[in-house]
DNA sequence: CTGAAAGCGCTTACAG
DNA sequence: CTGAAAGCGCTTACAG
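Protein chains in written order, with the UniProt record's numbering: chain A, 1 to 368; chain B, 1 to 368.
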């Protein structure tokens, strides 16, 4: 598109010029350009040739042919967390460099995404969109396929459903991240480790969960299903999840939360119940957003390069839009465990400690 | 533009018609349409009005304007805080309702905004953009005027410089908010109240500061310049600002921070120095973002309806784009003081308490 | 800063 | 089917 634009802009040839070159009058060229019928085929040929030669476009056409920079659409499932801000920052960052414009929308949780995907794809096509980046969305495989069917490049970041095979997905090394989190907790001496996950079907959640499970298994620690609670990547899930885990007969001494937002919820509920972190309960988050750093205590968290993920997704979409080959169907960026203040060895080998804590708090709980 | 487009298609109004209506010559209208500078502001107004009335678009514009929904550009100064997420959420929210698309860019702190405003305005015109929303930006009055000269509707949210008179600005009742914050602290018994503000020139900062000052003055409390520190709306400013305030011979017993981000920085630095909030230091933030609720202790904060501000800005831009009259040149939405855990009466009438705290921490400070 | 005049690029109406 | 002529809508160059 960039090339076409430049040619058109450079030439800015006139209709008269074309007429001269074709050896006809201006009105005749005008007729050809506007698709009038009353032109001899032979004449039309000559004019068409001249037209092509000087790269003429009518004033109206010019605008359409030279429509400025590429436009990429970015669809967020929701726009609530530090996670999305970071991803969007990365995208906008690279967009500025690449001279591309970014259209943002929120699909709003409903998998419908406002318009049906067919209509949306058609609209994107009509408006010459270069591609689509879908962030943590619940688009179904069928919906994403609709875009691909129309030839629109699509890249997904941390999708909630497995994407079709012709859609590039960008994410972090979630399995390795989950492993690092669990290893850290096991190394501190924890054995009863709860997992407060994201949406059960989400690829990234699955990977984090399996990283965590693989560590337990390799250390001969039983994986107890009741210690695994899936939910949304939101603080409410942390609050409810902690309550649930504390209600177990053997509550965990450590929790691996699949996002910082979830961890913040855990922190808040723990504080409300008088459970000290990390003395009574160790906590690891995931994402490594500013939330992790700002919380009290500062959150040990598996950081993922969210801005880089955004940049990477845009790079991949543009590459596809320009017909360049994909180097990978799945782009996976490294995670890193950042140890802060929310993790420590378990208080005592005696497992009754936590349950006593939680029991005692039942009485003194403020009636919120 | 749905309406305008339809009108334009129906009528296909000409420049001459606009000229007649505005009582000027065709060349003059041409100048306005093409953003030439040499038109008297008064004349420009008349032409702009006539233009809007007949829904005129230039031949080039017509092509671009016709297909698809309106596109509004949103330019953020930066995209770092919960504040921007909330504003953007409000904008996208209303965009979905209004059937409008939103193009997001980050101007990147530099007042240059990538392209010069003239070129950017021209490009927006070429691409048939319906309008521009500028969030907390450092665009100068001259830069914003460039957009208006091209007839592009512009709305600013919390600008860092005073906007030109033909630009609508959307904000909250900052003066009242500053007043509420200070009243609350004074009512608790505080007299030495520091102010950690935003950029000195920013309208919203000025208003918050003056609300604060008016309370002190009406209570016969001296306003000490050394207790007022301007800076950026970021946590770093809270950290540095607290250090500065603590270095005073009479350090404050309470701080009013002009944003939650700043307050979070204060909280972090206070914690590092072993200063307890609210026992040793009361703290009020501004914005009422999730940050305020999630921090420990939860932050007393003047909440502003950020999402509503976003919605309101978009509504106003679209109204202008459709040639409807403005109901107001300045939209001001209500703030509300939300009292949480970070404020309490001062520890003792004896003012030496805080300074002892800060002095003692000098020795035990971790060497970060 | 304004607009009469000239001009540009294109289209239309029509004579051939 | 073709193109000279007239015309349209807009812009430019410039005198006031």
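Idealized CB from N, CA, C, for every residue including glycine.
is_contact[residue i, chain A] using C-beta, thresh 9 Å
i	result
residue 95 of chain B	yes
residue 240 of chain B	no
residue 339 of chain B	no
residue 111 of chain B	Caution applies to residue 111 of chain B, whose pLDDT of 41 falls short of 50 and renders its modelled position unreliable; the value that the coordinates give is listed next. No - not a single Cβ of chain A is within 9 Å of the one on residue 111 of chain B.
residue 369 of chain B	Nothing in the structure corresponds to residue 369 of chain B, since chain B is present only between 1 and 368.
residue 285 of chain B	no
residue 127 of chain B	yes
residue 123 of chain B	yes
Own chain partners of residue i with C-beta closer than 7 Å, once the 5 adjacent residues on each side are dropped
i	result
residue 214 of chain B	179
residue 183 of chain A	215
residue 290 of chain A	82
residue 99 of chain A	69
residue 79 of chain A	106
Buried or exposed by the 16-neighbour rule on C-beta atoms within 10 Å, applied to residue i
i	result
residue 236 of chain B	exposed
residue 106 of chain A	buried
residue 323 of chain A	exposed
residue 34 of chain A	exposed
residue 226 of chain B	exposed
residue 339 of chain A	exposed
residue 163 of chain A	buried
residue 97 of chain A	exposed
residue 252 of chain A	buried
residue 52 of chain A	exposed
residue 267 of chain A	buried
residue 190 of chain A	buried
residue 40 of chain A	exposed
residue 73 of chain B	buried
residue 131 of chain A	buried
residue 249 of chain A	exposed
residue 301 of chain A	buried
residue 457 of chain B	Residue coverage of chain B in this structure runs from 1 to 368, which leaves residue 457 of chain B outside it and unanswerable.
residue 125 of chain A	exposed
Inter-residue spacing [alpha-carbon to alpha-carbon] between residue i and residue j
i	j	result
residue 116 of chain B	residue 137 of chain B	14 Å
residue 198 of chain A	residue 217 of chain A	21 Å
residue 255 of chain A	residue 296 of chain B	20 Å
residue 310 of chain B	residue 92 of chain A	19 Å
residue 113 of chain B	residue 172 of chain A	In this prediction, residue 113 of chain B scores a pLDDT of 45, lower than 50, which makes its location untrustworthy; no coordinate-derived value is stated.
residue 314 of chain A	residue 174 of chain A	20 Å
residue 206 of chain A	residue 159 of chain A	11 Å
residue 13 of chain A	residue 55 of chain B	30 Å
residue 265 of chain A	residue 84 of chain B	22 Å
residue 135 of chain B	residue 210 of chain A	42 Å
residue 273 of chain A	residue 188 of chain A	24 Å
residue 102 of chain A	residue 120 of chain B	15 Å
residue 327 of chain A	residue 153 of chain A	14 Å
residue 318 of chain B	residue 30 of chain A	38 Å
Cβ of residue i within 9 Å of any chain B Cβ
i	result
residue 172 of chain A	no
residue 105 of chain A	yes
residue 101 of chain A	yes
residue 92 of chain A	yes
residue 82 of chain A	yes
residue 289 of chain A	no
residue 19 of chain A	no
residue 140 of chain A	no
residue 85 of chain A	yes
8 Å Cβ shell around residue i - same chain, five flanking residues per side excluded
i	result
residue 24 of chain B	43, 46 and 47
residue 186 of chain B	193, 215, 216, 219 and 221
Other residues of its chain near residue i: CB distance less than 6 Å, five sequence neighbours each side excluded
i	result
residue 26 of chain B	15, 16 and 19
residue 230 of chain B	197 and 200
residue 359 of chain A	Because residue 359 of chain A sits at a pLDDT of 41, beneath the cut-off of 50, its placement in the model cannot be relied upon, and the point is left open.
residue 165 of chain A	none
residue 262 of chain B	196, 237 and 238
residue 331 of chain A	170 and 312
residue 292 of chain A	260, 285, 299 and 301
* Mind listing, in chain order, the continuous alpha helix (DSSP H) runs of no fewer than 4 residues lying wholly within the segment 176 to 239 of chain B? => Counting only runs of 4 or more, we get 203 to 218.
* Asked: What are the uninterrupted segments assigned as beta strand (DSSP E) that are 3 or more residues long and contained completely in the segment 246 to 333 of chain B, given in chain order?
  -> If only uninterrupted beta strand (DSSP E) runs of at least 3 residues are considered, those enclosed by the segment 246 to 333 of chain B are 254 to 257, 282 to 287, 300 to 303 and 330 to 333.
* Whole alpha helix (DSSP H) elements within the segment 94 to 164 of chain B, 4-residue minimum -> Complete alpha helix (DSSP H) runs here, min 4: 117 to 126 and 141 to 149.
* Pick out the complete beta strand (DSSP E) segments inside the UniProt domain "HTH lacI-type" (13 to 56) of chain B, 3 residues or longer, and give them in chain order. => Correct list: empty.
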